[in-house]
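Comments concern the structure below.
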Amino acid sequence: MADLAFAEAFAKYGAKLRNVQWSVCADAPDGSLVVSVWQHHFEKAKDRAMVCRDSFTRWKGPGNTELREKIANAFETKQIIRLIIAHTSQTKDVQSGVDAKTLKKTFHIREDLIGEVIEATDDSYAIRFKR
């Protein structure tokens, strides 16, 4: 898996970020929602699926607002989620809400995984990905 620049990872799905400075999701031409999530938020399910769980409350800003809206819509409409995985060794900083722009990170796409939002609340969300 080659490292990609942030916007380049979205472009692989044909998705264009609303704002490259703060967006972490974007709609793709095929109707799916492309989402960048942190690798350390994944857990393996019993059926070999991967579930990403994260909290909206650990960070703030317009990207958070946009993601909340898009995740809520994807949950209601059962929109397909496409995956970009963000990797960093600074996971404690991520969890404490440090601005991710300041962190060293890499991005990879996983075209082989298709996701669906399985949980969406005011505080958190979960996306289940499978082949």
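If you count the sequence shown from 1, position 91 lands on 74 in our numbering, and the numbers rise without skipping.
Cβ coordinates follow ideal geometry from the N, Cα and C atoms, glycine included.
Report the residue from the options whose alpha carbon sits nearest the alpha carbon of residue i.
| i | options | result |
| --- | --- | --- |
| residue 37 | 78, 57, -13 | 78 |
| residue 72 | 89, 82, 57 | 89 |
| residue 105 | 51, 85, 91 | 51 |
| residue 112 | 49, 55, -8, 65 | 65 |
DSSP on residue i, reduced to helix/strand/coil?
| i | result |
| --- | --- |
| residue 85 | helix |
| residue 3 | coil |
| residue 63 | coil |
| residue 79 | helix |
| residue 11 | coil |
| residue 46 | helix |
Alpha carbon to alpha carbon, what distance is there between residue j and residue i?
| i | j | result |
| --- | --- | --- |
| residue 28 | residue 114 | 13 angstroms |
| residue 99 | residue 57 | 8 angstroms |
| residue 2 | residue 8 | 10 angstroms |
| residue 109 | residue 47 | 15 angstroms |
| residue 25 | residue -5 | 22 angstroms |
| residue -15 | residue 92 | 9 angstroms |
| residue 63 | residue -3 | 14 angstroms |
| residue 34 | residue 87 | 24 angstroms |
| residue 5 | residue 101 | 24 angstroms |
| residue 39 | residue 81 | 13 angstroms |
| residue 55 | residue 10 | 14 angstroms |
| residue 0 | residue 13 | 15 angstroms |
| residue -7 | residue 49 | 16 angstroms |
| residue 44 | residue 30 | 35 angstroms |
Please determine whether the Cβ atom of residue i lies at a distance below 6 angstroms from any heavy atom of the ligand GDP.
| i | result |
| --- | --- |
| residue 61 | Among the ligands in the structure shown, none appear at all, so the ligand GDP cannot be discussed. |
Below 8 angstroms on the Cβ atoms is my guess for residue i versus residue j; work out the distance and round it to an integer in Å.
| i | j | result |
| --- | --- | --- |
| residue 69 | residue 21 | 5 angstroms |
| residue 16 | residue 61 | About 11 angstroms separates the two Cβ atoms, so there is no contact after all. |
| residue 19 | residue 67 | 4 angstroms |
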